[in-house]
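Below you'll find the structure, written out as structure tokens, and then a few comments.
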Amino acid sequence: MEAPFDATSWDGITGAIYAGYGSVEGLWLLACLVMIVVAIVFGWRHEEHAYKATEKKS
Amino acid sequence: MEQDLASLAAAVAELQGNHAATNGTFSETFYFLTIPLMVLIHVGFLAYEMGASRSKNALASGIKNILAFAMIVPFFYFIGWWIYWAFPTGLTLSEGAMGISGLAYANDVALPWSQYMGPNLDDRSSGVFWGAFVLFAATTASILSGGVIERIKLTGFVVLAIVLGAFVWILAAAWGWHADGWLVTKFGYHDFGAAGVVHMIAGFFSLGVLINLGPRIGKFNADGTANHIAGHSMPMTLIGLMLIIAGFWGFLMGCVIVPGEAWSWGNEIEATIYGTPMTISGMTFNTLMGFSGGIIGAWMITRDPFWMMSGALGGIISAAAGLDLWYPPMAFAIGFIGACMMPFVASFIEKRGIDDAVGAFAVHGFLGFWGLLAVGIAAQGYPAMFGEDVIETSFLGQLVGAVTMGLLGFVPGYVVSFILKVTGQLRVPKEAEFMGLDAVKVPAQAYPEALHPTVSPAE
């Protein structure tokens, strides 16, 4: 999780420059996916609780 | 003399470098600007949907629309972009004649851990192209979102939006909106402005979902006749529709390949995504003429401002597949005819017991279909792609494309929504529908001081 090149100047740097290039992409992709799935599960639970509460009221 | 030549060569090299930098920045900026313009489509859909909902559902409709956009972005990064480059030749993952498709190519340029899928000093195009395609994807989800308002579960909708935006439409784009697409290379399919790959796909997907979702409570009477369920703000809906039109200009910019880059089709003139020459200027004639024909046709048939603005959208969609080719009065006529048919299609769907709250199928599904056929009727015989002795546009090619788009949209929409239905994840309970979805699950109020009815009559 650092610069993909070892340099003290931008001179001569080409290609991919994003942090972690060639090393930790899989980790961050997995983290993104987990966050989305967790958000959807929480959203789903909130909806189900809200609907059940409405059914009880009526 | 030698010194003069050397300095001349140095000056030329410097000029070439400057020209390349300027052209590269122009190209990058061109596609970058399509994105905020296309965001206007989503501003429009947001206002349109909220206005078309009753006030008790306004915010729930808004949340659904916003979340669809947000969910599609990461999934299009994970898989959608890869699908576009992997599947043009069908489902075999083989490379096409242009050499810009197939498994190896897709793995190189579009896997989410590829060097091109993030900041790269040697690549000034991937991010902006990807961004433009994400906005196309989000448009498909917004089309679905409008039709299903006021009774769909949010999480069920999110699943449908991801399937449509990150899988289904982009497979259609690979087949019919890519120079190696099998519909293009084998049938001469021509769909410059995405009438089929965006609008038809989204419209038919929506139809499949609507069949399983069922109508809103109160939409139909016991004898099968339909009631009109008015939204709470027609002005908001109309402004939303006009914003969608504004965003359409960005959408159409995103359909153009600019010249002068290594990935361009040439150095002299703009091209379609198929590599056929076109001009933004010509597209402008036809977009405005289609827009105008759509409004006037819908006004003639309905006198209703909702359908007039839907007609504006429908006029452009009707002309979209051939916006690079029409004689402008032809674009007007095609838009006019499409918009005249549109309300009858909406009525036909309604009589079948399907509650399409905003006419998504009529406007996008049917008029996308009409737009594809219009190219087959009135713009036959054009070389369909880049190169020598290539296949030509034809009615048969457009028909095959239209049938493919219809099936590719409808079947996944029906199947996925059926699975959600049988697992209880598609539709909200009737108590929640009666109460209004905002009160049930939204921690905010659209109109906290209430809607004030008009004061007492003047008399």
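In the order they appear, the protein sequences are chains V and R.
Just so we're on the same page, this note's numbering is the position in the first sequence counted from 1, plus 158.
Just so we're on the same page, this note's numbering is the position in the second sequence counted from 1, plus 13.
Glycine included, each C-beta is placed from N, C-alpha and C at the ideal position.
In this text, all values refer to a predicted model and were calculated from it rather than measured experimentally.
Going by beta carbon distance, what residues of the same chain come within less than 6 Å of residue i, once the five residues before and after it are set aside?
{"i": "V147 of chain R", "result": "V86 and F89"}
{"i": "H245 of chain R", "result": "R67 and S68"}
{"i": "M302 of chain R", "result": "P341, A344 and F345"}
{"i": "I367 of chain R", "result": "L223"}
{"i": "M321 of chain R", "result": "I308, A311 and W312"}
{"i": "F82 of chain R", "result": "H55 and A151"}
{"i": "A359 of chain R", "result": "G372 and A375"}
{"i": "A228 of chain R", "result": "This sequence places Pro at residue 228 of chain R; Ala is not what is there. Result list for P228 of chain R: D368, in chain order."}
{"i": "T467 of chain R", "result": "For T467 of chain R, the predicted structure reports a pLDDT of 47, less than 50, and the residue's modelled location is therefore unreliable. The matter cannot be settled from this model."}
Using a Cβ cut-off of 9 Å, pull out every chain V residue sitting near residue i, in sequence order please.
{"i": "D135 of chain R", "result": "T172, G173 and A174"}
{"i": "F91 of chain R", "result": "L187, C190 and L191"}
Which first and last residues belong to the alpha helix (DSSP H) in which residue i is found?
{"i": "D164 of chain V", "result": "Segment: none, D164 of chain V is in no alpha helix (DSSP H) and carries neither H nor E."}
{"i": "I194 of chain V", "result": "E183 to K215"}
{"i": "V413 of chain R", "result": "F408 to V435"}
{"i": "Q29 of chain R", "result": "E15 to A65"}
{"i": "K69 of chain R", "result": "Note, K69 of chain R: premise wrong, no alpha helix (DSSP H); not H, not E."}
{"i": "F149 of chain R", "result": "S139 to G160"}
{"i": "W509 of chain R", "result": "Given that chain R is displayed from residue 14 to residue 472, the structure contains no residue 509 of chain R and the question cannot be resolved."}
{"i": "N133 of chain R", "result": "No alpha helix (DSSP H) holds N133 of chain R; DSSP gives it neither H nor E."}
{"i": "Y118 of chain R", "result": "L116 to A123"}
{"i": "A359 of chain R", "result": "P341 to K364"}
{"i": "A333 of chain R", "result": "P318 to A333"}
{"i": "T1 of chain R", "result": "Outside the displayed span of chain R (14 to 472) sits residue 1 of chain R, for which this structure offers no information."}
{"i": "W182 of chain R", "result": "W182 to G189"}
{"i": "I270 of chain R", "result": "Per DSSP, I270 of chain R belongs to no alpha helix (DSSP H) and is neither H nor E."}
{"i": "N299 of chain R", "result": "I293 to T315"}
{"i": "W126 of chain R", "result": "First-last for W126 of chain R: undefined, no H or E at that position."}
{"i": "G178 of chain R", "result": "Neither: G178 of chain R is in no alpha helix (DSSP H) and is coded neither H nor E."}
{"i": "N225 of chain R", "result": "I214 to L226"}
{"i": "A259 of chain R", "result": "M247 to M266"}
{"i": "I390 of chain R", "result": "L380 to A391"}
{"i": "A452 of chain R", "result": "L450 to K454"}
{"i": "T198 of chain R", "result": "W195 to F200"}
Which chain R residues sit within Cβ distance under 9 Å of residue i?
{"i": "T166 of chain V", "result": "Residues of chain R passing the Cβ test: none, with the nearest at roughly 17 Å."}
{"i": "A161 of chain V", "result": "The premise fails here: A161 of chain V is roughly 12 Å from chain R at the closest Cβ pair, so nothing lies under 9 Å."}
Interface residues of chain R around residue i at Cβ under 7 Å?
{"i": "E205 of chain V", "result": "K166, L167, T168 and K454"}
{"i": "L188 of chain V", "result": "Result: empty, since nearest Cβ-Cβ is about 11 Å, beyond 7 Å."}
Note down, in chain order, every chain V residue with its Cβ under 7 Å from the Cβ of residue i.
{"i": "V441 of chain R", "result": "Y209"}
{"i": "A485 of chain R", "result": "Here chain R covers residues 14 to 472 and nothing more, so residue 485 of chain R does not appear."}
{"i": "A445 of chain R", "result": "Y209 and T212"}
{"i": "M448 of chain R", "result": "T212"}
Less than 7 Å between C-beta atoms, sequence neighbours within five positions excluded: which residues of the same chain meet that for residue i?
{"i": "I390 of chain R", "result": "F408"}
{"i": "Y118 of chain R", "result": "W98 and E108"}
{"i": "A471 of chain R", "result": "Because the pLDDT of A471 of chain R is 43, which lies under 50, any placement of that residue in the model is unreliable, and the number read from its coordinates should be weighed accordingly. For A471 of chain R, where only same-chain residues beyond five positions count, there are no Cβ hits under 7 Å."}
{"i": "S469 of chain R", "result": "Since pLDDT at S469 of chain R reaches only 48, below the 50 mark, its modelled position is unreliable, and no value is offered."}
{"i": "L173 of chain R", "result": "L157, V222, V429 and S430"}
{"i": "D193 of chain R", "result": "P101, T102, G109, A110, M111, I113 and S114"}
{"i": "P125 of chain R", "result": "Y90 and F91"}
{"i": "A186 of chain R", "result": "Y97 and V210"}
{"i": "I293 of chain R", "result": "V269 and E283"}
{"i": "A71 of chain R", "result": "M63, H245, D451 and A459"}
Strictly below 8 Å CB to CB, what residues from chain V border residue i?
{"i": "M63 of chain R", "result": "Correct list: empty, because the minimum Cβ distance to chain V is about 19 Å."}
{"i": "V171 of chain R", "result": "I198 and G201"}
Using C-beta distances below 8 Å, list every residue in its chain close to residue i, excluding the 5 sequence neighbours before and after it, in chain order.
{"i": "G8 of chain R", "result": "Summary: the structure shown does not reach residue 8 of chain R, with chain R confined to residues 14 through 472, and so no result is reported for it."}
{"i": "L196 of chain R", "result": "W188, G189, Y202, G410, V413, G414 and T417"}
{"i": "I76 of chain R", "result": "L167 and V455"}
{"i": "F163 of chain V", "result": "I171 and I175"}
Using beta carbons (cut-off 8 Å, strictly below), is residue i in contact with chain C?
{"i": "G335 of chain R", "result": "This model lacks chain C altogether; the protein chains it does include are V and R."}
*Three or more beta-carbon pairs under 8 Å between the stretch 366-375 of chain R and the stretch 152-162 of chain R, yes or no?*
yes
_chain V contacts from the stretch 110-137 of chain R (Cβ-Cβ distance under 7 Å)_ = P125, W126, Q128, G131, P132, N133, L134 and D135
*contact_flag[the stretch 97-106 of chain R, the stretch 163-177 of chain R] where n(CB pairs < 8 Å) is 3 or more*: no
*Name, going along the chain, the residues of the stretch 72-90 of chain R whose beta-carbon falls closer than 9 Å to a beta-carbon of chain V.*
L80, M84, P87, F88 and Y90
_Residues of the stretch 386-409 of chain R whose Cβ lies closer than 9 Å to any Cβ of chain V, in chain order_ = none
_Contact the stretch 212-220 of chain R vs the stretch 18-26 of chain R: 3+ CB pairs below 8 Å_ = no
*the stretch 302-319 of chain R / the stretch 226-237 of chain R touching (three or more Cβ pairs under 8 Å)*: no
*Is the number of C-beta pairs between the stretch 25-34 of chain R and the stretch 124-139 of chain R that are closer than 8 Å three or more?*
no
*asked:* If contact is defined by three or more beta carbon pairs under 8 Å, each pair taking one atom from either stretch, is the stretch 170-177 of chain V in contact with the stretch 133-147 of chain R?
replied: yes
*Looking at C-beta atoms only, is the number of pairs between the stretch 286-294 of chain R and the stretch 320-335 of chain R that lie closer than 8 Å three or more?*
no
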